[in-house]
Amino acid sequence: MFRNDTVSAGLEDELGDILQKARDGKTWSQADLAEAAGVTLDEVHRMERYELIPDEAVVFKLAKVLDLDGPALSAIARNAWHPEEPETDADLDLICLNVFMGAYPVKCYLLRCPVTNETAVVDTGGNPEAIIQKARELDVRPSKILLTHAHPDHAWGLDLLVREFECPTWIDKREPRPGGTRDIHFVEEGEKIPLGELEIHALATPGHTPGGISYKVNRAILSGDTIFAGSMGRANSSWPDLYRSITQTLFSFPDDTALHPGHGPATTVGEEKRHNPFFCGKY
Ligand SMILES: [Fe+2]
302 MFRNDTVSAG LEDELGDILQ KARDGKTWSQ ADLAEAAGVT LDEVHRMERY
352 ELIPDEAVVF KLAKVLDLDG PALSAIARNA WHPEEPETDA DLDLICLNVF
402 MGAYPVKCYL LRCPVTNETA VVDTGGNPEA IIQKARELDV RPSKILLTHA
452 HPDHAWGLDL LVREFECPTW IDKREPRPGG TRDIHFVEEG EKIPLGELEI
502 HALATPGHTP GGISYKVNRA ILSGDTIFAG SMGRANSSWP DLYRSITQTL
552 FSFPDDTALH PGHGPATTVG EEKRHNPFFC GKY
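The working numbering applies: residue 302 is where the sequence shown begins, and numbers increase by one.
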């Protein structure tokens, strides 16, 4: 079962974000993009600041020079695509909390074995109080905290969760060590983490950060900031690593595999292969 705690809003990334991230992949400046696509530098500025949605022909030109799929990019620019929700999984209770860190929306999750009720927290959402309240509502006491990476919107407030639940925290050793816990387990690629009758598989998905980890359970992957519906995460540590994490790791699973990112709506491997402008037509 997958339960979204509140109605989710639109996509995490708009045209402007996608242009920036695609430029990052080519190590292009805004001026480089303007020249390649035959638009003015001011137009690139305005597109990347969400102030300008150009006409269809320009969107296709931008897509072509940035190695993006034109129709997929156009659909997102026109706000005409939203991913289909993944199929529900009766063998898994996955509760998504849509929370805010300041004004910035972020997602964190409670993952529960429906047979034993054993529960894990996946990311803090920078909002430990919301997680504690939801755990009380569900009458569960999480036994594990699994972090996809150490950015504050995913790991802040860990000390409060650890005090409340008195449980260990899993994180990759290449991430900065988050404050607030003495019981840290350095998670390894391929590690299997038991949760009641469920088995959580750790997948190394670096690129957004050096030690980014995605957690796969049954046919669902909690993927942190690796991929967003219709876009990819920001490649803070390595754009090629991030691209490989998506295409060689996440896309190695069947098309109906659910992807639950740290921001924006849930999606599936198949939806992203068909509609994500970075990957559409290539995989
Ligand atoms: Fe992040």
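Glycine included, each C-beta is placed from N, C-alpha and C at the ideal position. Small disclaimer: the values here were computed from a predicted structure and weren't measured.
Helix, strand or coil: how does DSSP classify Thr470 here?
strand
Would you mind listing the beta strand (DSSP E) stretches within the stretch 535 to 581 that are 3+ residues and don't spill past its ends, in chain order?
559 to 562
Which residue from Thr527, His502, Ala358 and Pro511 puts its Cα closest to that of Arg520?
His502
Got a sec, what are the start and stop residues for the beta strand (DSSP E) Glu500 sits in?
Leu499 to Ala505
Relative to the C-alpha of Trp411, which candidate in Lys574, Lys445 and Pro384 has its C-alpha closest?
Position check: residue 411 holds Leu in this sequence, whereas Trp was assumed. Comparing Cα-Cα distances from Leu411 to each of Lys574, Lys445 and Pro384, the minimum goes to Lys445.
Look at the alpha carbon of Asn428 and the alpha carbon of Ala358, and state the distance between them as a whole number of angstroms.
43 Å
If you run the structure through DSSP and keep just helix, strand and coil, what is Val441?
coil
Simplified DSSP assignment, three categories, for Arg347
helix
Simplified DSSP assignment, three categories, for Arg379:
coil
Taking all protein chains shown into account, decide if Asp556 is buried (16 or more other Cβ within 10 angstroms of its Cβ) or exposed.
exposed
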